[in-house]
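Residue numbers (mature numbering (1 follows the signal peptide of the UniProt record, and there is no 0)): -19 to -1, 1 to 342. Each remark here refers to the structure printed beneath this line.
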């Protein structure tokens, strides 16, 4: 009997240990509450491998080749999410395994259903607008009458020249900058008409000599927070993060977000599962976990981006839930627009335009 027991022990010892399940996440940098990831692992036993990107182009490039190895990605509804849908790169969600999706704001979900009919392939993670990040004190010291509530501050060459000395930046994202430039010029934000793109190119090249940099969004956050720049065109939440960092560091200035009075681009970042995800079961569990009101409140509290779970709002500090930069008031939403996804030929033309802008020629 003892020999049989020892033999069994030796057989079990020779077997490979059962591997801990792993969830592979690919998301923006500084875009989640680290405590939420730790809590998910504690509750489920699923280890999270978390990789980050800094542009939508990087995300799309990673997924376009297939076999990315990721279980969760967070593309913006237009254009990345739509392009990935068009390419068949996303897996339909099993909503029965995401019961907390019932708590999403139906009005916002209808907005993204224009891209994903029936909301079959994604749910809203966080959302916001694209606008101006400003250091008002430094700008006013150079130009007391500066139009701080208008995109004309940056897109009028005479205006940007007056404040260039304190540093101006435009984020390196054609998909989130060109629509606003086109709209500011009185053109359709989705236009790929050669005449419209030529006008946008002239406008961007006219301000290019006055820009200190065209950085990735994470680098832009630091530049605003440290006072290296006084004005930027970027995501609302990035500016709010920069403002918080400036306060924490007791900088002798403030950072503010302004949704342009002409109307800001509205965007939604989606939780989605790649078609070839190695662990779709863990992916569904993670999405449902993130949509819990208390978890989503912690994420918004940490990253200062609005979420689409109304029941999370009472759980937020008053300074966050009542901040119009985080949760835009109805009149800002009414003036906002959602950029569409041009056809591939138009996207290539836009990419060439952006490359010339970056190069300054």
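Positions of the beta carbon are idealized from the N, C-alpha and C atoms, including for glycine.
Are residue i and residue j closer than 9 Å when you measure CB to CB?
i	j	result
residue 12	residue 255	no
residue 188	residue 138	yes
residue 148	residue 204	yes
residue 324	residue 285	no
residue 113	residue 7	no
residue 81	residue 334	no
residue 165	residue 177	no
residue 257	residue 48	yes
residue 307	residue 217	yes
residue 213	residue 120	no
residue 194	residue 230	no
residue 331	residue 136	no
residue 235	residue 117	yes
residue 157	residue 37	yes
residue 263	residue 2	yes
residue 141	residue 192	yes
residue 10	residue 34	yes
residue 267	residue 4	yes
residue 111	residue 283	no
residue 309	residue 109	yes
residue 75	residue 265	yes
For residue i, which residues in the same chain have their Cβ closer than 6 Å to its Cβ, ignoring the five residues on either side in sequence?
i	result
residue 152	198, 201 and 215
residue 172	163
residue 222	202 and 285
residue 32	7
residue 341	189
residue 316	244
residue 227	206 and 236
Could you check if residue i is buried or exposed, using at least 16 other CB atoms within 10 Å of its CB as the buried criterion?
i	result
residue 303	exposed
residue 30	exposed
residue 320	buried
residue -9	Unreliable placement is indicated for residue -9, whose pLDDT of 39 sits below 50; the coordinate value is still reported in the next sentence. Per the 10 Å Cβ criterion, exposed.
residue 338	buried
residue 56	buried
residue 336	exposed
residue 42	exposed
residue 278	buried
residue 64	buried
residue 240	buried
residue -16	For residue -16, the predicted structure reports a pLDDT of 42, less than 50, and the residue's modelled location is therefore unreliable. A value from the coordinates is still provided. So residue -16 counts as exposed.
residue 155	buried
Which stretch, first to last residue, makes up the alpha helix (DSSP H) that contains residue i?
i	result
residue 283	274 to 284
residue 140	138 to 144
residue 327	325 to 340
residue 156	155 to 165
residue 82	No alpha helix (DSSP H) holds residue 82; DSSP gives it neither H nor E.
residue 55	Looking at the DSSP string, residue 55 is not in any alpha helix (DSSP H), and its letter there is neither H nor E.
residue 265	261 to 271
residue 90	87 to 94
Determine the extent of the beta strand (DSSP E) in which residue i is found, giving its start and end residues.
i	result
residue 237	237 to 239
residue 213	212 to 216
residue 110	104 to 115
residue 28	28 to 34
residue 4	3 to 9
residue 423	Nothing about residue 423 can be read from this structure; the chain reaches only from -19 to 342.
residue 250	246 to 252
residue 151	149 to 151
Going along the chain, which residues of its own chain have a beta-carbon closer than 7 Å to the beta-carbon of residue i, five neighbours each way excluded?
i	result
residue 54	7, 40, 44, 253 and 255
residue 105	85, 89, 90, 93, 249, 251 and 289
residue 59	96, 319, 320, 321 and 322
residue 209	148
residue 270	21 and 276
residue 184	136, 162 and 166
residue 242	130 and 131
residue 123	143, 144, 146 and 147
residue 261	52, 72 and 254
residue 232	208
Output needed for residue i: all residues of its chain with C-beta closer than 8 Å, excluding positions within five of it in sequence on either side, in chain order.
i	result
residue 66	96, 97 and 102
residue 281	107, 287, 288, 293, 297, 301 and 307
residue 196	150, 152, 153 and 204
residue 181	159, 162, 163, 166, 168 and 334
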